[in-house]
Amino acid sequence: PAESSDEVTTLSNVKGKVYRLFNVFGFISVTYPIKTSVYFDVQAFENGEYANLSASGLTLGESVVLDAKVGPRDCEAKFRASKVARLENASTESSMQAMR
1010 PAESSDEVTT
1020 LSNVKGKVYR
1030 LFNVFGFISV
1040 TYPIKTSVYF
1050 DVQAFENGEY
1060 ANLSASGLTL
1070 GESVVLDAKV
1080 GPRDCEAKFR
1090 ASKVARLENA
1100 STESSMQAMR
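Here my numbering is used: the first residue of the sequence shown is 1010, the next is one more, and so on.
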């Protein structure tokens, strides 16, 4: 059975698309396992290796993989990401695990 959005409190290795991008934070839309939005900041993106998101070359509409948990109630995004990586950067390590 499909989970209701109230029951999902963590997202793990979920794919999303960047829909808003600022200098040090942005927002990702997720459609599976639930339809929601995720806030992320530059520290969560690719192990914090960039000073800001414009330096990272991340673009609007780009696909990413993320881990997140429910964030503060009054924010625009229901979830807050702990880890975000571009799909092509993430796929090399996660595809190895997927083959087992």
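Every residue gets a Cβ at the ideal spot worked out from N, C-alpha and C, and that includes glycine. Just so it is clear, the structure is predicted and the values come from calculations on it, not from any experiment.
Residue i, enclosing alpha helix (DSSP H) - first and last residue
i, result
"Ala-1060", "Careful: Ala-1060 lies outside any alpha helix (DSSP H) and carries neither H nor E."
For residue i, the nearest candidate out of the options (CA to CA)
i, options, result
"Ser-1038", "Val-1074, Asp-1083, Glu-1058", "Val-1074"
"Glu-1071", "Leu-1096, Thr-1040, Asp-1083", "Leu-1096"
"Leu-1066", "Asn-1032, Gly-1025, Val-1023", "Contrary to the premise, residue 1066 reads as Gly rather than Leu in this sequence. Checking every option, the nearest Cα to that of Gly-1066 belongs to Asn-1032."
"Thr-1040", "Arg-1082, Gln-1052, Gly-1025", "Gly-1025"
"Lys-1044", "Asn-1098, Arg-1082, Val-1023", "Val-1023"
Residue i - containing beta strand (DSSP E), residue span
i, result
"Arg-1029", "1019-1030"
"Asp-1083", "It is not in any beta strand (DSSP E) - Asp-1083 carries neither H nor E in the DSSP assignment."
"Ile-1037", "1034-1039"
"Val-1047", "1045-1050"
7 Å Cβ cutoff, residue i in contact with chain C
i, result
"Asn-1061", "Looking for chain C here will not work: only one protein chain is present."
C-beta contact flag for residue i and residue j at 7 Å
i, j, result
"Val-1027", "Leu-1069", "yes"
"Arg-1089", "Tyr-1048", "yes"
"Phe-1036", "Asp-1050", "no"
"Thr-1018", "Val-1093", "no"
"Ser-1091", "Ala-1064", "no"
Those residues which DSSP pairs with residue i across a bridge
i, result
"Leu-1069", "None, per the DSSP bridge assignment."
"Leu-1075", "Val-1023, Val-1093"
Cβ distance (whole Å) where residue i is taken to contact residue j below 8 Å
i, j, result
"Ser-1046", "Glu-1016", "That pair is no contact at about 17 Å."
"Leu-1020", "Asp-1076", "7 Å"
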